[in-house]
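Peer 1:
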Amino acid sequence: MRPQEVLANVPWWLVLVTAALGLVGLAFIHSATLDRPDVSEQYGKQALFLACGFGLSFLLLFVPYGRTLRIAWLLYGAVLVALALLPWFAPMINGARRWYTFPGFSVQPSEFAKPIVVVALAALLRFKTRSTTFEGLFVPMLVAAIPALLVLRQPDLGSSLVFWPVLLAMCWAAGAPTRGLLAVLGIGMVGAVLAYFFVIHGYQKVRIDTWAAHYQWSELLANPSLDREAHAEMLQLQRGPAYQPWQALIAMGAGGWLGHGYAQGPQNRYDFLPYRSEDYVFAVVGEETGLLGCAAVLLLVACLVFGLLALALRTRERFGRLVCVGIATWIGFQSLMHAAVNSWMIPSTGVPMPFLSYGGSSTLAVMLSMGLCWNIGARREVVIAPDGYR
1 MRPQEVLANV PWWLVLVTAA LGLVGLAFIH SATLDRPDVS EQYGKQALFL ACGFGLSFLL
61 LFVPYGRTLR IAWLLYGAVL VALALLPWFA PMINGARRWY TFPGFSVQPS EFAKPIVVVA
121 LAALLRFKTR STTFEGLFVP MLVAAIPALL VLRQPDLGSS LVFWPVLLAM CWAAGAPTRG
181 LLAVLGIGMV GAVLAYFFVI HGYQKVRIDT WAAHYQWSEL LANPSLDREA HAEMLQLQRG
241 PAYQPWQALI AMGAGGWLGH GYAQGPQNRY DFLPYRSEDY VFAVVGEETG LLGCAAVLLL
301 VACLVFGLLA LALRTRERFG RLVCVGIATW IGFQSLMHAA VNSWMIPSTG VPMPFLSYGG
361 SSTLAVMLSM GLCWNIGARR EVVIAPDGYR
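All residue numbers for the sequence shown refer to the working numbering, where the first residue is 1 and numbers rise by one.
Shown next, in the form of structure tokens:
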């Protein structure tokens with residue numbers, strides 16, 4: 001296709017939604033880093049990450065997306081090596097080895113592992129018409145499990161969980177039987193219980209136990225004299241392992257319907273909320289724009305996710321269709337997971353919100369993924385074979 005034809009066929013409405021989410025994220029990163037000299041450079045860096053991401057995505061539009069299929073397993077092998085070498089070559093930062101540090105910047109391989117696993121699964125599943133349990137589930141499970149376990153070892157529990165809904169959604173779209181998918185889901189739930197007792201770290205167990213305990217706090221806060229010992233334990237947790245999610249919950253609740261106004265949230269302005277440009281940026285959105293602002297952001301995410309799924313329905317070429325399904329699932333699940341952590345609906349775990357959270361690796365990974373989807377939308381490959389996909 002000529003460049004003019006490619007640009008004419010680009011799904012520009014997806015580009016506009018992507019740009020809107022990127023600008024929203026940039027605005028709230030600016031709010032979260034205002035008057036903070038220690039992180040004042042994050043706003044400018046995020047703007048650079050977004051600009052580079054858009055630029056690279058548009059350049060890649062002129063490269064047929066089928067070439068991604070040819071190097072899918074090369075990319076997969078490279079990211080496995082990068083993840084496997086982290087314990088030896090990555091410095092310890094906040095108790096984890098997740099980043100390769102270089103002069104002036106750092107790279108987080110787990111963020112690039114998410115779209116690369118999507119591409120690898122799409123390359124694996126593209127020939128399946130009605131997948132059997134072994135071919136359609138076991139082998140893809142292995143493809144997703146290896147990077148997930150390497151990410152869990154860092155440790156990064158939140159990012160390791162993202163691979164599983166992506167795997168299930170892509171297997172379902174590829175024609176795997178629902179019965180088999182339910183069996184895999186059950187095995188995963190059993191595995192999660194076993195992981196709680198034998199795999200995850202002590203501080204992660206404390207986060208889960210604290211989350212389970214906080215549902216009883218409302219009565220203790222209203223009547224501290226009922227159980228003084230329990231009330232004292234609650235206050236100790238709020239100053240310790242529950243500090244971050246508790247401050248985020250205060251910020252979300254204090255926002256009300258319309259919020260305190262841009263850059264006016266007390267939890268944000270007076271430095272009560274930690275990591276508010278990264279793991280807790282959605283709490284800043286809630287505090288400063290209220291419930292309606294949170295709903296507007298989630299609506300933009302929903303427009304993007306359903307737009308990608310609509311693009312998948314219109315794409316008969318199987319690799320492109322599965323890539324769109326996988327990226328839509330990744331962005332949607334991780335966004336909801338981030339919002340749930342900020343609302344303390346699930347235990348606290350550090351996972352960025354796509355487009356909104358600060359981070360060069362996460363921003364570039366999600367922008368390049370969107371560029372690949374734009375590429376798929378701009379090129380309608382001719383398919384004459386029968387389609388066994390849902």
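For glycine and all other residues, C-beta sits at the position ideal for the given N, C-alpha and C.
Just so you know, these numbers come straight off a predicted model, no measurement behind them.
(1) Quick one, which of R2, Q4 and V10 has its alpha-carbon nearest M370's?
(2) Take the Cβ of Y389 as the centre, count every other Cβ of all protein chains shown within 10 Å, and call the residue buried at 16 or more, exposed below.
(3) How is A20 classed by DSSP in three states: helix, strand or coil?
(4) Mapping DSSP to helix, strand and coil, what is F102?
(5) Please say whether S159 and V281 have beta carbons closer to each other than 8 Å?
(6) I'd like the span of the alpha helix (DSSP H) that includes R67, first residue to last.
(7) Assess, as a yes-or-no matter, whether the stretch 168 to 180 is touched by the stretch 112 to 128 under the definition of 3 or more beta carbon pairs within less than 8 Å.
(8) What separation, rounded to the nearest whole angstrom, lies between the Cα atoms of A83 and L75?
(9) Between M1, L194 and S357, which has its C-alpha nearest D279's C-alpha?
(10) State the CB to CB distance for the pair A339 and E111, rounded to an integer number of angstroms; the pair is presumed to be in contact (CB under 8 Å).
(11) Once DSSP output is grouped into helix, strand and coil, what is the label at I93?
(12) Assuming Y374 and L61 make a contact with CB atoms under 8 Å, what is their CB distance in whole Å?
(13) Scan the stretch 118 to 202 and note each continuous alpha helix (DSSP H) run of 4 residues or more that stays entirely inside, going in chain order.
(14) Hey, which unbroken runs of the alpha helix (DSSP H) at 4 residues or more fall wholly within the stretch 278 to 341?
(15) Would you decide whether F138 is buried or exposed? Buried here means 16 or more other CB atoms lie within 10 Å of its CB.
(16) Hey, quick one: how far does the alpha helix (DSSP H) through L56 stretch, first residue to last?
(17) Put V39 into one of helix, strand or coil per three-state DSSP.
(18) So, at 8 Å on beta carbons, what are the nonlocal neighbours of A296 in its own chain, with the 5 sequence-adjacent residues on each side left out?
(19) Return the CA-CA distance between F333 and G326, expressed in angstroms with no decimal places.
(20) Touching or not, the stretch 99 to 117 and the stretch 146 to 153, by the rule of three or more beta carbon pairs under 8 Å?
(21) Specify the secondary structure class of A8 as computed by DSSP and reduced to three states.
(22) So, do the stretch 255 to 269 and the stretch 225 to 240 have three or more beta carbon pairs nearer to each other than 8 Å?
(23) For my contact list, L121 and L167 are in at a C-beta cut-off of 8 Å; report their separation, rounded to the angstrom.
(24) Out of H214, G253 and V107, point me to the one whose CA is closest to Q238's CA.
(25) Using DSSP bridges, identify the partner residues of V107.
(26) On a Cα-Cα basis, can you pick out the residue from P177, G256, V341 and F105 that is closest to L157?
(27) Please report the distance separating the alpha-carbon of V193 from that of W246.
(28) Below 8 Å between beta carbons: does that hold for S335 and W211?
(29) Quick one: Cα of L7 to Cα of R153, how far?
(30) Enumerate in chain order the residues of its own chain whose CB-to-CB distance from V198 is below 6 Å, with the five nearest sequence positions on each side excluded.
(31) Could you tell me the distance, in whole angstroms, from the CA atom of G266 to the CA atom of S106?
(32) Just the C-alpha distance for M141 and Y196, rounded to the nearest angstrom, thanks.
(33) Within its chain, find whatever has a CB closer than 7 Å to the CB of A378; leave out the 5 residues flanking it on each side and keep chain order.
(34) CA-CA distance, I187 and A20?
(35) In the DSSP assignment, find the alpha helix (DSSP H) that holds S343 and state where it starts and stops.
(36) Taking all protein chains shown into account, do 16 or more other C-beta atoms lie within 10 angstroms of the C-beta of F28, making it buried, or fewer, making it exposed?
Peer 2: Taking the geometry as given:
(1) V10
(2) Only weak support exists for where Y389 lies, its pLDDT of 49 falling under 50; the value from the coordinates is given anyway. Answer is buried; the Cβ neighbour count reaches 16.
(3) helix
(4) strand
(5) no
(6) G66 to R70
(7) yes
(8) The identity of residue 83 in the sequence shown is Leu, whereas the question assumes Ala. Distance between the alpha carbons of L83 and L75 is about 12 Å.
(9) S357
(10) About 19 Å separates the two Cβ atoms, so there is no contact after all.
(11) strand
(12) One detail in the question is off: residue 374 reads as Trp in this sequence, not Tyr. The pair is a contact, with the Cβ atoms about 6 Å apart (cut-off 8 Å).
(13) 139 to 152, 157 to 173 and 178 to 198
(14) 281 to 314
(15) exposed
(16) Q42 to L60
(17) helix
(18) T289
(19) 10 Å
(20) yes
(21) helix
(22) no
(23) 7 Å
(24) H214
(25) Y100
(26) V341
(27) 25 Å
(28) no
(29) 42 Å
(30) Checking the sequence, you will find Phe at residue 198 rather than Val. Hits under 6 Å: none found.
(31) The sequence given here has Pro at residue 266, not Gly. So the alpha carbons of these two residues sit roughly 31 Å apart.
(32) 20 Å
(33) V6, N9, V10 and L61
(34) 39 Å
(35) Neither: S343 is in no alpha helix (DSSP H) and is coded neither H nor E.
(36) buried
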